[in-house]
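For the sequence shown, the working numbering assigns the number 3 to the initial residue and increments by one for each residue that follows. From the three backbone atoms N, C-alpha and C, an ideal C-beta is built for every residue, glycine too. Quantities reported herein were computed from a predicted structural model and do not represent experimental measurements.
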Amino acid sequence: MDFNVQSLSKTFGEGRHARLVLQNINLRVRSGEFTAIVGRSGSGKSTLLRCLAGLERPSRGVIRMDGQPVTGPGPDRGLVFQNYSLYPWLNLAQNVAFGMELQGRFSRRDIRERTAYFLDVVGLGDRRKLLPRECSGGMQQRVAIARALAADPKVLLLDEPFGAL
3 MDFNVQSLSK
13 TFGEGRHARL
23 VLQNINLRVR
33 SGEFTAIVGR
43 SGSGKSTLLR
53 CLAGLERPSR
63 GVIRMDGQPV
73 TGPGPDRGLV
83 FQNYSLYPWL
93 NLAQNVAFGM
103 ELQGRFSRRD
113 IRERTAYFLD
123 VVGLGDRRKL
133 LPRECSGGMQ
143 QRVAIARALA
153 ADPKVLLLDE
163 PFGAL
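Printed below as a string of structure tokens:
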């Protein structure tokens, strides 16, 4: 997996209400590398990650993953947000399984096994039937991390996910 970001800019709003959040960002991340984006609060780090994940479209520039343009979300990119992002009506196991079920590339058995494995990895295997409202913030964030890992993305984008742990 290689990420290549060329001349990326992102503006929110239009006209006199326009707010430039990212300007002329160039970045290359090669397979096997770990990269940290550091900046003050409000500097656009989360917006950049949302663009890399395909959840936001850049105003200018291009993002490529393995040479292919990123035009929307895809199973090759996992994103863990800084805020809790669980479905409140699903139990912990169902939340972990959700992404794998959407992809359609995992068998029911694989989904069951991967769900159990990654809940164990984050220390919540014995809590799989709990609903998010029955869990602490740290537990909820560990479930979000397990969900991202279980879906087996090529790249994992982390937006300050450990703040609640």
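Continuous alpha helix (DSSP H) stretch holding residue i: start and end
i: LYS47; result: 47-55
i: GLN143; result: 139-152
Given residue i as reference, the closest of the options once Cα atoms are compared
i: GLY190; options: PRO90, ARG52, ASN97, TYR86; result: With the chain running from 3 to 167 in the structure shown, residue 190 is simply not present.
i: VAL31; options: ARG18, LEU54, SER43, PHE100; result: LEU54
i: SER48; options: THR117, PHE164, LEU160; result: LEU160
i: ARG130; options: VAL145, LEU10, GLY140; result: VAL145
i: VAL7; options: LEU24, GLU16, PHE14, THR13; result: LEU24
i: LEU81; options: ILE147, SER33, ASP112, PHE36; result: ILE147
i: ASN26; options: GLU35, GLU115, PHE14, PRO60; result: PRO60
Span of the beta strand (DSSP E) around residue i
i: ASN26; result: 21-31
i: GLN8; result: 5-14
i: VAL157; result: 157-160
Rounded distance between the beta-carbons of residue j and residue i, thought under 8 Å
i: GLN105; j: ALA153; result: 7 Å
i: GLY74; j: GLY56; result: 5 Å
i: GLY63; j: LEU10; result: 4 Å
Helix, strand or coil at residue i [DSSP, three-state]
i: ARG135; result: helix
i: GLY41; result: coil
i: GLY34; result: coil
i: VAL123; result: helix
i: ARG18; result: helix
i: ARG130; result: coil
Handout entry: Contiguous alpha helix (DSSP H) assignments of at least 4 residues, all confined to the segment 52-119
Key = If we require 4 residues or more, the alpha helix (DSSP H) runs fully inside the segment 52-119 come out as 94-105.
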